[in-house]
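Just below is one structure, and these are the notes that go with it.
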Amino acid sequence: MAKRGGFPGGMPGNMNNLMKQAQKMQKQMEEAAKELESKEVSATAGGGAVEVTVSGKKEVTKIKIDPDAVDPDDVEMLEDMIMAATNEALRKIDELSNKSMSGLTAGLGGGFKF
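The numbers in UniProt numbering rise by one with no breaks, and the one at position 79 of the sequence shown is 79.
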């Protein structure tokens, strides 16, 4: 006969462990997000003529332009290089973020069996 007020197989203990693990993971994710915000990545375009730096908050923090890249007759080329470097820096910060979060969630793969 099953015990009253509980789940067979010791479910309450498992549920407590699950809650502790979830709280631990939430804290780790918050710490990883804070750490990511403090990081910066840079990307270049035009053979280094343009360099863009982006923070973990996905904000452009710095743009460096080689004076030789400034051609008043070809502003469009400079605009393209700035756009290319910015997009690459944003891709890099996304990749860094994904790596950081995937490390925390790697153990979840087959952990939940119902």
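Note that beta-carbon positions come from the ideal geometry of N, C-alpha and C, so glycine has one too.
Just to confirm, is the Cβ distance from residue i to residue j under 8 Å?
{"i": "L104", "j": "Q23", "result": "no"}
{"i": "L18", "j": "S97", "result": "no"}
{"i": "G56", "j": "I93", "result": "yes"}
State the beta-bridge partners of residue i as determined by DSSP.
{"i": "K64", "result": "E51"}
{"i": "V75", "result": "None, per the DSSP bridge assignment."}
{"i": "T86", "result": "T86 pairs with nothing; no bridge assigned."}
{"i": "E40", "result": "S55"}
{"i": "A45", "result": "V50"}
Please identify the residue among the options whose C-alpha is closest to the C-alpha of residue i.
{"i": "V52", "options": "E88, S97 and E35", "result": "E88"}
{"i": "A69", "options": "M81, E59, A33 and L90", "result": "M81"}
{"i": "V54", "options": "M83, N16 and S102", "result": "M83"}
{"i": "V41", "options": "Q26, M25 and K58", "result": "K58"}
{"i": "A38", "options": "T61, P72 and D73", "result": "It is Ser, not Ala, that sits at residue 38 in the sequence shown. Of the candidates T61, P72 and D73, the one whose C-alpha sits nearest the C-alpha of S38 is T61."}
{"i": "A43", "options": "Q26, E30, K34 and K64", "result": "K64"}
{"i": "G45", "options": "L78, K20 and R91", "result": "What sits at residue 45 in the sequence shown is Ala, not Gly. Of the candidates L78, K20 and R91, the one whose C-alpha sits nearest the C-alpha of A45 is L78."}
{"i": "D66", "options": "V50, P72 and K34", "result": "V50"}
Report, in whole angstroms, the separation of the C-beta atoms of residue i and residue j, which I expect to be a contact under 8 Å.
{"i": "S100", "j": "A32", "result": "5 Å"}
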